[in-house]
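Here's the structure, in structure tokens; my notes come after.
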Amino acid sequence: GQILGRELRAVNIDLNLAPVLDVDTNPDNPVIGDRSFSRSPAAVAQMGGAFIRAMQAEGVAACAKHFPGHGDTSKDSHIELPSVAHPLARVEEVELAPFKSAVAADVAAVMVAHVTVPALEGFGLEKAPTRGPVPASMSAGAVGYLRNQLGYQGVVITDDMEMGALKAFGVEEAVIAGLHAGVDLFLVCHTKDMQHAVLNRIVSAIVNGEVSIERLKESIERVEALTDKYVLPKSGKNTKLKIIGSKEHRDKILNILKVEFN
């Protein structure tokens, strides 16, 4: 975390969409695998919290993902909608343990996944307008749990809204559901036309009263708090570029890997 933070800050990057806090409990998972720190919730929580603290100490905002947990799924949310169907006690013990650690580490942002977690659906303060299975990225229950049970008041950001998991909902309507649920930022990563369509849909929802201006202001305040803390003016001549890929950093990484695999 420290090395990544230093090297990212050296090139004026202020937000890193990391770490992955999914617990690698399902050997049939097609998308998480070695992106995870461990198969142990305690290990993921410990290493994830340390990563967040170290990187943010270097002035780079961290983003814990993929809330509420994408580790025990057998589907790839880039293609289709996965589900974590465990009871609440199990979800809290395994999937959510690393995110509790992230909140304790004052993580700057949390990414919600396009994964359904039925055990969290009772925690929403308002019902998001959705149909069928509700992905966490559209779920007032999932975001409500993050806000109210875990006490997280920072920025909530979605995974890419153009992923296949949301194809049954439509990107624009999924964004409106996400706004109702309490999401602050939406990634629309691939298509300029879709980016414009989403912006127009949000404007329309505000104008016609479908989404309140007060709800939008909540997100603006959270995003502004993050940018006030982490977005720094770009310096002129950057003398820190020499640290990128430096021998000191490479040696530290090799030592970490030796400890990990020995």
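Read in order, the letters of the sequence shown correspond to residues 164 to 425 in our numbering.
No residue lacks a Cβ here, since even glycine has one placed at the ideal position from N, Cα and C.
Given the structure is predicted, the values throughout are model-derived calculations rather than measurements.
Where residue i falls: helix, strand or coil (DSSP)
i: P261; result: helix
i: V270; result: coil
i: V278; result: coil
i: V194; result: coil
i: V306; result: helix
i: L313; result: coil
i: K421; result: helix
i: R216; result: helix
i: G234; result: coil
i: F286; result: helix
i: T293; result: A caution first: T293 carries a pLDDT of 46, below 50, which makes its placement in the model too unreliable to give a value.
Range of the contiguous beta strand (DSSP E) that encloses residue i
i: F230; result: A224 to F230
Residues bridged to residue i [DSSP beta-bridge criterion]
i: D323; result: L350
i: M301; result: DSSP, once it has assigned bridges, lists no residue as partnering M301.
i: L178; result: A224
i: V183; result: K228
i: S246; result: T279
i: V318; result: A272
Unbroken alpha helix (DSSP H) run spanning residue i, endpoints
i: V254; result: L251 to E256
i: E170; result: Q165 to A173
Close beta carbons around residue i, own chain, < 6 Å, minus the five adjacent residues each side
i: E258; result: P231 and G232
i: S300; result: V275, H277, T321 and G341
i: Y308; result: L283 and F286
i: G164; result: F214, A217 and M218
i: T293; result: With a pLDDT of 46 at T293, under the threshold of 50, the modelled position of that residue is not reliable, and no figure is offered here.
i: D239; result: P193 and V194
Same chain, Cβ closer than 7 Å to residue i, five either side skipped, listed in chain order
i: E387; result: none
i: E243; result: G327 and A328
i: A385; result: Note on residue identity: the sequence assigns Arg, not Ala, to residue 385. Correct list, in chain order: G317, V318 and D347.
i: V306; result: V275, V319, A344, G345 and V346
i: C352; result: D323 and E325
Cβ-based neighbour list, residue i, same chain, cut-off 8 Å, excluding 5 preceding and 5 following
i: P235; result: Checking the sequence, you will find Asp at residue 235 rather than Pro. Result list for D235: V186, T188, N189, N192, V247, H249, V257 and E258, in chain order.
i: A173; result: N401, K403, L404, I406 and I407
i: E170; result: I406, I407, G408 and H412
i: R202; result: V186, D187 and T188
i: S237; result: N189, D191, N192, P193 and P245
i: A252; result: none
Interface flag, residue i vs chain C, CB-CB below 9 Å
i: G345; result: Given the protein chain composition of this structure (a single chain), no chain C is represented.
(request) Write down every uninterrupted run of the alpha helix (DSSP H) in the stretch 328-416 whose length is 4 residues or greater and which is fully enclosed by it, in chain order. (result) If only complete runs of 4 or more residues are kept, the stretch 328-416 shows the alpha helix (DSSP H) at 334-344, 355-370 and 376-393, in order along the chain.
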